[in-house]
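Student: Taken in order, these protein sequences are the chains called A and B.
Using our numbering, the letters of the first sequence map in sequence onto residues 1 to 321.
Using our numbering, the letters of the second sequence map in sequence onto residues 322 to 642.
To start, I am sharing the structure in question, which I have written as structure tokens.
Number of protein chains: 2
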Amino acid sequence: MAVYTHLGAEDLADLVAAYDVGELVSAKGIAEGVSNSNWLIETSCARFILTMYERRIDLADLPYFLGLLDHLSAGGCPVPCTIHDRDGAAFRMIDGKAVALIEFLPGVSVDRPTPAQAHSVGAVLARMHLAARDFPAQRANDLGPATSAEVLKGCGEQALGLIDPGLPQSLTMAREVAERWPADLPTSTIHSDLFPDNVLMLGDEVSGLIDFYFACTDMMAYDLAVTHAAWSFAKGGTHYHEQIGVALIAGYEAVRPLAEAERSALPLLAQGACLRFVSSRAQDWIETPADALVTRKDPMDFMRRLAFYREQGATVFAASR
Amino acid sequence: MAVYTHLGAEDLADLVAAYDVGELVSAKGIAEGVSNSNWLIETSCARFILTMYERRIDLADLPYFLGLLDHLSAGGCPVPCTIHDRDGAAFRMIDGKAVALIEFLPGVSVDRPTPAQAHSVGAVLARMHLAARDFPAQRANDLGPATSAEVLKGCGEQALGLIDPGLPQSLTMAREVAERWPADLPTSTIHSDLFPDNVLMLGDEVSGLIDFYFACTDMMAYDLAVTHAAWSFAKGGTHYHEQIGVALIAGYEAVRPLAEAERSALPLLAQGACLRFVSSRAQDWIETPADALVTRKDPMDFMRRLAFYREQGATVFAASR
């Protein structure tokens with residue numbers, strides 16, 4: 001959540017001149033994004049987000065992510081489009097790093113969503129799934145339950161236990177979920193990381209979905225399960241907000257009703273979603289020194305959500321019919 | 322250079338509602354300021370910078386800093402004014418921390434100023450000094466050469482020598498400069514930290530002076546010396562850009578000609594300016610672990626500028642007549 005690279009006014013003005021967007025008027029590095037640096041850029045024409053891809057993102061994937069933004073934006077979804085340079089390129093290189101200029105969208109990210117907001121998020125997620133079905137490019141989800149199991153195994157039972165005595169059991173759970181993971185549910189291009197941070201809202205309406213850098217081809221119901229796990233709990237995963245969960249699924253189904261097989265898979269898909277975050281957070285926890293300035297996210301937050309879905313998933317998702 | 326506190330959309334909307342500025346439309350944490358958190362806020366009316374004072378700033382000084390912005394802005398200087406809340410207050414408290422809403426100014430900070438830009442900076446600095454002369458509040462400069470000497474003494478000769486063998490001699494130099502420090506030059510309210518970071522430009526013109534949190538009552542010629550030391554050298558202090566230095570002083574004198582006593586004091590004032598940054602950077606260097614994510618600024622950068630002024634200050638400032 002920082003700007004990792006210094007770009008001076010001269011660098012930025014040179015960059016902006018490569019696009020047909022007017023003259024540079026203002027540029028502020030913004031504290032958004034974990035794996036890249038971002039600037040809010042204003043020109044004499046409009047405002048934009050400039051993203052510099054610092055790490056984690058494979059350059060070969062960039063045309064996929066940026067092309068997806070254009071496809072969804074053209075399909076009427078509230079997604080920022082990519083600005084192409086004067087030669088038509090979706091990204092450029094500065095000092096060996098890729099940068100892209102992206103449409104700026106208004107809106108703010110909520111901390112404590114209301115049911116009306118959750119309904120709007122569900123509906124926009126479904127619209128996105130439908131608009132993405134004819135996106136021609138494919139990208140495998142490399143963060144499924146089998147990967148979660150592998151990552152947790154790599155952490156080691158002892159290291160997991162040092163974080164919390166309840167954490168090592170996640171490995172067995174991940175293996176169980178991976179074995180039972182469905183393979184025949186309808187797919188599309190999914191966001192797969194739609195936390196409140198990645199949704200911009202104006203009042204009760206979604207004004208933007210952002211940060212598509214985990215997007216991939218996978219089951220649409222899995223994306224809904226990720227979003228349910230990300231939105232429907234109090235911080236720390238200690239309390240399930242039933243009204244939020246119900247509104248989210250109702251909003252989704254108002255646009256794209258779930259098939260029976262999708263609905264009955266939701267409890268398992270939600271467990272897989274939790275394990276994806278448990279495993280990546282456990283790995284980050286172990287790899288990040290306790291005194292680092294970066295805030296480590298507690299993997300137990302999603303262990304609590306996982307326990308909830310194991311115990312009450314069947315009831316919860318049946319109730320939201 | 323980060324956002325130290327999380328403020329969600331709900332907190333921000335509540336805050337914005339305390340001002341007569343319309344509804345919250347967008348909010349981005351920005352990577353600006355070292356001792357406070359900043360957000361670029363957009364409402365249905367206009368854009369603003371929201372600053373949360375995290376540390377280092379004495380709350381008792383806040384009315385001085387915020388009142389100065391209003392005074393200078395009303396006096397026609399390109400300085401953001403403070404937005405007062407519906408009750409007329411210049412700042413509010415959130416969870417025990419003061420926050421202020423400040424006008425947003427366009428412009429970008431340059432890395433490699435041109436002589437035309439330096440001329441504009443000099444002229445605006447002089448305008449600021451003149452506009453601030455009737456600012457009624459006073460604040461002592463607590464970072465003069467006597468403080469530099471104390472800070473360097475506190476670091477200890479051994480610790481200074483571990484940073485660089487050339488650094489311990491700064492202590493003797495600071496004592497010499499403090500002994501010879503003038504007391505009878507004309508004063509005003511000065512910025513005292515006018516690095517390129519703190520100046521916004523549109524083309525060759527200054528569109529904003531920002532970050533007045535070191536402002537104090539002191540000699541105007543000292544502020545010019547600080548600005549000269551901050552602007553006229555290549556990064557690292559290895560090379561003096563004569564054209565920049567000359568243009569800066571010419572720009573200043575186009576608005577406010579220096580008295581003979583001010584001009585002849587400049588070589589010493591510039592040494593004092595360098596020592597102020599050598600001492601604070603040496604202290605930060607010693608107090609910041611080498612592996613911290615925060616970038617430490619090399620105190621030797623300003624030792625090189627100090628050496629330059631000791632050797633060539635008299636010639637340089639005579640030449641810019």
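Where a beta carbon is used, it is the ideal one built from N, C-alpha and C, also for glycine.
The structure displayed is predicted, hence computed values, not measured ones.
Would R112(A) count as contacting chain B if we go by Cβ distances under 8 angstroms?
Tutor: yes
Student: Under 7 angstroms Cβ-Cβ, which residues of chain A neighbour I351(B)?
Tutor: K28, G29, I30, A31
Student: If we call anything under 8 angstroms between Cβ atoms a contact, is H191(A) one with A215(A)?
Tutor: A Cβ-Cβ contact shorter than 8 angstroms links H191(A) with A215(A).
Student: DSSP three-state label for R584(B), please.
Tutor: helix
Student: Does P427(B) have its Cβ less than 8 angstroms from a Cβ in chain A?
Tutor: yes
Student: For S553(B) and L569(B), which I take to be in contact (beta-carbon distance under 8 angstroms), what is that distance rounded to the nearest angstrom?
Tutor: About 7 angstroms; that satisfies the 8 angstroms criterion.
Student: In whole angstroms, what is the alpha-carbon distance linking R626(B) and Y573(B)?
Tutor: 21 angstroms
Student: Counting only runs of 4+ residues fully inside the region 204-253 of chain A, write out the alpha helix (DSSP H) ranges in chain order.
Tutor: 220-231
Student: Where does M540(B) land, buried or exposed, given buried means 16+ other C-beta within 10 angstroms?
Tutor: buried
Student: Output the distance between the C-alpha atoms of E260(A) and L125(A), rounded to the nearest integer angstrom.
Tutor: 19 angstroms
Student: Between which two residues does the alpha helix (DSSP H) carrying V151(A) extend?
Tutor: 145-155
Student: Once the 5 residues before and after L66(A) are set aside, which same chain residues still bring their CB inside 7 angstroms of it?
Tutor: T82, A90, F91, A100
Student: Where does S279(A) land, buried or exposed, given buried means 16+ other C-beta within 10 angstroms?
Tutor: buried
Student: Using the Cβ count rule (16 or more neighbours within 10 Å means buried), how would you classify T238(A)?
Tutor: exposed
Student: Please decide whether G557(B) counts as near chain A, where near means a Cβ-Cβ distance under 8 angstroms.
Tutor: no
Student: Hey, how far is the Cα of D341(B) from the Cα of S35(A)?
Tutor: 37 angstroms
Student: For E363(B), does the three-state DSSP call read helix, strand or coil?
Tutor: strand
Student: Please state whether DSSP places A27(A) in a helix, a strand or coil.
Tutor: strand
Student: In chain order, what residues of the same chain lie with their CB nearer than 8 angstroms to the CB of G76(A), ignoring the 5 residues before and after it?
Tutor: R127, A131
Student: Where does V420(B) sit, in a helix, a strand or coil, going by DSSP?
Tutor: strand
Student: Beta-carbon of G329(B) versus every beta-carbon of chain C: anything under 8 angstroms?
Tutor: No chain C appears in the structure shown, which is made up of the protein chains A and B.
Student: Going by other Cβ atoms of all chains shown within 10 Å of its Cβ, with 16 needed for buried, is Q647(B) buried or exposed?
Tutor: It is not possible to answer for residue 647(B), since the shown part of chain B is limited to 322 through 642.
Student: Report yes or no: is there a C-beta of chain A within less than 8 angstroms of the C-beta of S491(B)?
Tutor: no
Student: Let me see if you follow: with CB-CB separation under 8 angstroms, is S109(A) close to chain B or not?
Tutor: yes
Student: If we ignore side chains and look at the alpha-carbon of each, how far apart do A330(B) and G96(A) end up?
Tutor: 36 angstroms
Student: I'd like to know if V472(B) contacts chain A, where contact means its C-beta is closer than 8 angstroms to some C-beta of that chain.
Tutor: The beta-carbon of V472(B) is placed no less than 8 angstroms from the nearest beta-carbon of chain A.
Student: So R276(A) packs on L167(A), CB below 8 angstroms; how close in whole Å?
Tutor: So it is not a contact: roughly 15 angstroms between Cβ atoms.
Student: Would DSSP call V199(A) helix, strand or coil?
Tutor: strand
Student: Which whole-angstrom value describes the C-beta separation of R133(A) and S170(A), a residue pair presumed to lie in contact below a C-beta threshold of 8 angstroms?
Tutor: Taking C-beta atoms under 8 angstroms as the contact rule, R133(A) and S170(A) fail to qualify, at a distance of about 33 angstroms.
Student: So who's on the other strand from Y19(A), going by DSSP bridges?
Tutor: Y19(A) is not bridged to any residue.
Student: Any C-beta of chain A sitting closer than 8 angstroms to the C-beta of L333(B)?
Tutor: yes
Student: Counting only C-beta atoms, is L422(B) closer than 8 angstroms to chain A at any point?
Tutor: no
Student: Should K28(A) be labelled buried (16 or more other beta-carbon atoms within 10 Å of its own) or exposed?
Tutor: Buried is the label assigned to K28(A), since at least 16 other Cβ atoms lie within 10 Å of its Cβ.
Student: Could you compute how far the alpha carbon of L152(A) sits from the alpha carbon of A116(A)?
Tutor: 36 angstroms
Student: When the cut-off is 8 angstroms and only beta carbons count, does V25(A) lie next to chain B?
Tutor: Between V25(A) and chain B, the shortest Cβ-Cβ separation is below 8 angstroms.
Student: Does the beta carbon of L371(B) sit closer than 8 angstroms to a beta carbon anywhere in chain A?
Tutor: no
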